[in-house]
Amino acid sequence: MFKHSNLEALNRCFNEGTINENIMPAYYVIEPTNICNYQCVMCPNKDYQKNQKGYMNMDLFKKIIDEIKDYAVFIQLYWIGEPFLSPNLFQMIDYISANSEAKIIISTNGSLLDSNLIDKTTRSNIYKLIVSLDAAKSQSIYKQIRIGGNLEKVNKNVSLLLEKNSNTKIDLQFIDFNINKSEREEFNKMWSDKNCRLTYSWLNTWANQFGELKNETYYDSPNSLVQRLPCSELWYKMCIHWNGIVSICCYDWNFNATFGNLNESDVKIIWNSELINQYRNFHKNNQFKKVPLCADCDEWATIEEYNDILE
61 MFKHSNLEAL NRCFNEGTIN ENIMPAYYVI EPTNICNYQC VMCPNKDYQK NQKGYMNMDL
121 FKKIIDEIKD YAVFIQLYWI GEPFLSPNLF QMIDYISANS EAKIIISTNG SLLDSNLIDK
181 TTRSNIYKLI VSLDAAKSQS IYKQIRIGGN LEKVNKNVSL LLEKNSNTKI DLQFIDFNIN
241 KSEREEFNKM WSDKNCRLTY SWLNTWANQF GELKNETYYD SPNSLVQRLP CSELWYKMCI
301 HWNGIVSICC YDWNFNATFG NLNESDVKII WNSELINQYR NFHKNNQFKK VPLCADCDEW
361 ATIEEYNDIL E
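Next up, the structure:
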């Protein structure tokens, strides 16, 4: 389990704008695959070229876990793809469980959760499973958001999941669009008395890379009305693509703000690299425009968010 002294050390590094080579991030995003069976309107996955897609191989995955096992508090086994499409997902879960005390978080569109997969999922050591729905009963609304999906099928999958689950925390997620506003109350009515937590979220614009999405929602980022602050993700979180490339944050879907490759280097070396430390310094000096992706971002993370997660 994460020691409070390590959290204090991370907080001190953030407040001082420094990094200590012995203080590693506590939260890791590791992408099993960026392949997906949906083409959701708010997700850049559909913009990938075929040669930009793939699966993380187990040798690389084991190398990463071996290097972070003493530091990781949370490991997020998803990013821009559908994690249950990875043939290695449960092998990855088992390897984490055997070598680390980190809590595993997975997010899915729910389309693949048939009875067999639900049995494997509920028997595995997944701390939290997030199922993204964004609708209640309207298939037409669902298909406008989650293109390629079938809401009736997903709802049945979720009902079976909640029936069989006893160990994993289940979050059902609803992203607020203009077009699904009429579904919000029904969504709450359908699931609020079930063994799960309902979460409602604004429609993020991927650090304003897709600013046009703001026209599709009535719920903007809470940061849009407050003073810009340094982003705590540069101190607390590491984001690793399926191919081993490390990005500045989870909004870097297209590899525009990278600072290392774990096929060629180690976690600790990359986390203490000159480039990422330069980015941290720019943030602490409010020079956000000097950092790729950060110039127009209003979805930065605060120190309070990570303290809430890690304490």
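61 is the number of the first residue of the sequence shown in the numbering used here; add one for each residue after it. Where is the CB? At the ideal position from N, CA and C, for every residue including glycine. Keep in mind it's a predicted model, so treat the numbers as computed, not measured.
Check, Outcome
"Separation of His343 from Gln99, as counted between CA atoms", "33 Å"
"Sub-8 Å separation of Val218 and Gly170 beta-carbons", "yes"
"Val89: first and last residue of the uninterrupted alpha helix (DSSP H) it sits in", "Val89 -> not in any alpha helix (DSSP H); beta strand (DSSP E) instead, spanning 87-90."
"Expected contact under 8 Å - CB spacing of Asn240 and Asp280 to nearest Å", "About 16 Å separates the two Cβ atoms, so there is no contact after all."
"Minimum length 4: unbroken alpha helix (DSSP H) runs contained in the stretch 197-236", "199-205, 211-224"
"Closest Cα partner of Lys163 within the set Leu172, Pro143, Asn148, Ser184", "Ser184"
"Nearest residue (CA-CA) to Ser175, options Glu223, Ile95, Lys122, Ser333", "Glu223"
"Separation of Ala355 from Asn316, as counted between CA atoms", "13 Å"
"Close beta carbons around Gly77, own chain, < 7 Å, minus the five adjacent residues each side", "Arg340, Asn341, Lys344"
"Cβ-Cβ distance between Asn238 and Tyr278 below 8 Å", "yes"
"Within 8 Å, strictly: CB atoms of Gln136 and Val191", "no"
"Span of the alpha helix (DSSP H) around Asn323", "Premise fails: Asn323 is in no alpha helix (DSSP H) and is neither H nor E."
"First and last residue of the uninterrupted alpha helix (DSSP H) at Thr168", "It is not in any alpha helix (DSSP H) - Thr168 instead sits in the beta strand (DSSP E) that spans 163-168."
"Val327 (DSSP reduced to helix, strand or coil)", "helix"
"Residue burial classification, Pro147 (beta-carbon count within 10 angstroms, cutoff 16)", "exposed"
"Under the three-state DSSP convention, the category Arg257 falls into", "strand"
"DSSP-derived helix/strand/coil call for Gln269", "coil"
"Three-state secondary structure assigned by DSSP to Gln338", "helix"
"Contact under 8 Å by Cβ, Thr318 with Asp312", "yes"
"Inter-residue spacing [alpha-carbon to alpha-carbon] between Trp302 and Lys197", "34 Å"
"The stretch 286-296 in contact with the stretch 250-265 per 3-pair CB rule at 8 Å", "no"
"For Cys103, the nearest candidate out of Glu212, Asp119, Asn117, Glu272 (CA to CA)", "Glu272"
"Straight-line gap, Asn264 to Glu293 (C-alpha atoms, nearest Å)", "16 Å"
"Residues that Gln136 bridges to, as DSSP identifies them", "Val89, Ile165"
"Range of the contiguous beta strand (DSSP E) that encloses Ser281", "That residue, Ser281, is in no beta strand (DSSP E); it is neither H nor E in DSSP."
"Under the three-state DSSP convention, the category Leu173 falls into", "coil"
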